[in-house]
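One rule links them: number in our numbering = place in the sequence shown (from 1) + 1038. To start, the structure under review is shown below, and the notes come after it.
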Amino acid sequence: MSDFGRKDIGDKVESKLTPDSQKSTPQQFTDKATDAVDSALGKSTSENDKSFVQKASDAIFGDDSKK
């Protein structure tokens, strides 16, 4: 399983539930940067190498690596 470097599902949920208007500029930047890294790592990792949690996270949060 290769989840190294992936964004924790709890962090994803918290990020999505908090409106940008309630986040500081650095926090918004950090969210965008970590989302981009997570997406890139998700796309470069085969489905067979992802843990159940990461597969579920990608499905819930719309990782488009399968498209």
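A virtual CB, placed ideally from N, CA and C, is assigned to each residue, including glycine. Small disclaimer: the values here were computed from a predicted structure and weren't measured.
For residue 1042, no alpha helix (DSSP H) encloses it, and the DSSP letter there is neither H nor E. In the three-state reduction of the DSSP assignment, residue 1054 falls in the helix class.
Nearest Cα to residue 1067 within the set 1053, 1093 and 1047: 1053. Burial check for residue 1055: the Cβ neighbour count within 10 Å stays below 16, so the residue is exposed. In the DSSP annotation of this structure, the continuous segment of the alpha helix (DSSP H) that includes residue 1072 starts and ends at 1063-1082.
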